[in-house]
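Peer 1: Top to bottom, those sequences are chains D and B. Taking the numbering used here as reference, the numbering of the first sequence is continuous, increasing by one, and the terminal residue is 138. Taking the numbering used here as reference, the numbering of the second sequence is continuous, increasing by one, and the terminal residue is 165. C-beta atoms are modelled at their ideal positions from N, C-alpha and C, and glycine is treated no differently.
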Amino acid sequence: QKEVEQDPGPLSVPEGAIVSLNCTYSNSAFQYFMWYRQYSRKGPELLMYTYSSGNKEDGRFTAQVDKSSKYISLFIRDSQPSDSATYLCAMSPDLGFQKLVFGTGTRLLVSP
Amino acid sequence: KAGVTQTPRYLIKTRGQQVTLSCSPISGHRSVSWYQQTPGQGLQFLFEYFSETQRNKGNFPGRFSGRQFSNSRSEMNVSTLELGDSALYLCASSIHQDTQYFGPGTRLTVL
Numbered sequence: 027q028k029e030v031e032q033d034p035g036p037l038s039v040p041e042g043a044i045v046s047l048n049c050t051y052s053n054s055a056f057q058y059f060m061w062y063r064q065y066s067r068k069g070p071e072l073l074m075y076t077y078s079s080g081n082k083e084d085g086r087f088t089a090q091v092d093k094s095s096k097y098i099s100l101f102i103r104d105s106q107p108s109d110s111a112t113y114l115c116a117m118s119p120d121l122g123f124q125k126l127v128f129g130t131g132t133r134l135l136v137s138p
Numbered sequence: 055k056a057g058v059t060q061t062p063r064y065l066i067k068t069r070g071q072q073v074t075l076s077c078s079p080i081s082g083h084r085s086v087s088w089y090q091q092t093p094g095q096g097l098q099f100l101f102e103y104f105s106e107t108q109r110n111k112g113n114f115p116g117r118f119s120g121r122q123f124s125n126s127r128s129e130m131n132v133s134t135l136e137l138g139d140s141a142l143y144l145c146a147s148s149i150h151q152d153t154q155y156f157g158p159g160t161r162l163t164v165l
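#1: Residues in the same chain with beta-carbon distance under 7 Å from R86(D), minus the five sequence neighbours each way, listed in chain order, please.
#2: Buried or exposed for D139(B), going by 16 or more other Cβ atoms inside 10 Å?
#3: Answer with buried or exposed for G69(D), where buried requires no fewer than 16 other C-beta atoms within 10 angstroms of its C-beta.
#4: Is the distance from the Cβ of F99(B) to the Cβ of G120(B) below 8 Å?
#5: Which value, in whole angstroms, describes the spacing of the CA atoms of L126(D) and A43(D)?
#6: Going along chain B, which residues have a C-beta under 9 Å from Y75(D)?
#7: Could one say the Cβ of R67(D) lies closer than 8 Å to chain B's Cβ atoms, at least one of them?
#8: Nearest CA to the CA of P93(B): which residue from Y97(D), T130(D), L135(D), P138(D)?
#9: Which of the three DSSP states, helix, strand or coil, is assigned to S118(D)?
#10: Are there 16 or more other CB atoms within 10 angstroms of the CB of P79(B), so buried, or fewer, so exposed?
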């Protein structure tokens, strides 16, 4: 079993829908949680990161962490065709990249 | 500011050959990390260089090596290529330990 599990999708939604992307993990030591967006033929781009539990909002994006359930979510409100990409979750027990564990990504398709 | 650049973007090699990939970080960034991305395993950390020194290393065999130059540019080398080395190799640069900026990657195909 992988430390971080993420449904590969694709997840297809119409424009304007609320999108929910999720990851589960098994390592209770994870404290830093990140969401990256990766467009085709591009490198990942950091969208948000949160420390420990709770919510964080940035424009149309909201990240939630539930450490008791070992479950994190990224919500996208009013989804746009430009949101079509692969979304990667990543997590680490501390700052620093060598312990960062990535999910394999969920492909999102937003149709006009 | 220019982003992270990687060259070449695409590469085809045969088993047993070696390959060198190049990464130019964002100006002022002294930390460069390398990752391997495959559909099955996702992104996996290879190593990180800071001020020409390897600061951290992932769980990859010794065939994977890297170096960093005084201008922070970095190279990654893979010797004795295997079919399983086919992947997207990503380089990322950073100033702080919480945010890294990725390049577009080098797509390596081993035949």
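Peer 2: On the basis of the data shown:
#1: Within the first sequence, numbered from 1, the residue matching residue 86(D) stands at position 60. Excluding residues within five positions, the ones whose Cβ falls inside 7 Å are I102, R103, D104.
#2: Position 85 of the second sequence, counted from the start, is the residue given in the question as residue 139(B). It is buried - the Cβ of D139(B) has at least 16 other Cβ atoms within 10 Å.
#3: The residue labelled residue 69(D) in the question sits at position 43 within the first sequence. Buried, by the Cβ-count rule.
#4: In the second sequence, residue 99(B) corresponds to position 45, counting from 1. In the second sequence, residue 120(B) corresponds to position 66, counting from 1. No, these two residues do not count as a Cβ contact at 8 Å.
#5: The residue given as residue 126(D) occupies position 100 in the first sequence. The residue given as residue 43(D) occupies position 17 in the first sequence. Rounded to the nearest angstrom, the two C-alpha atoms are 31 Å apart.
#6: Translated into the one-based positions of the first sequence, residue 75(D) becomes position 49. Correct list: D152, T153.
#7: Position 41 of the first sequence, counted from the start, is the residue given in the question as residue 67(D). By this cut-off, R67(D) is an interface position.
#8: In the second sequence, the residue the question calls residue 93(B) occupies position 39. Ranked by Cα distance from P93(B), the first of Y97(D), T130(D), L135(D), P138(D) is T130(D).
#9: The residue given as residue 118(D) occupies position 92 in the first sequence. Here S118(D) sits in strand by DSSP.
#10: For the purposes of this step, residue 79(B) is taken as the residue at position 25 of the second sequence. Here P79(B) is buried. Its C-beta has 16 or more other C-beta atoms within 10 Å.
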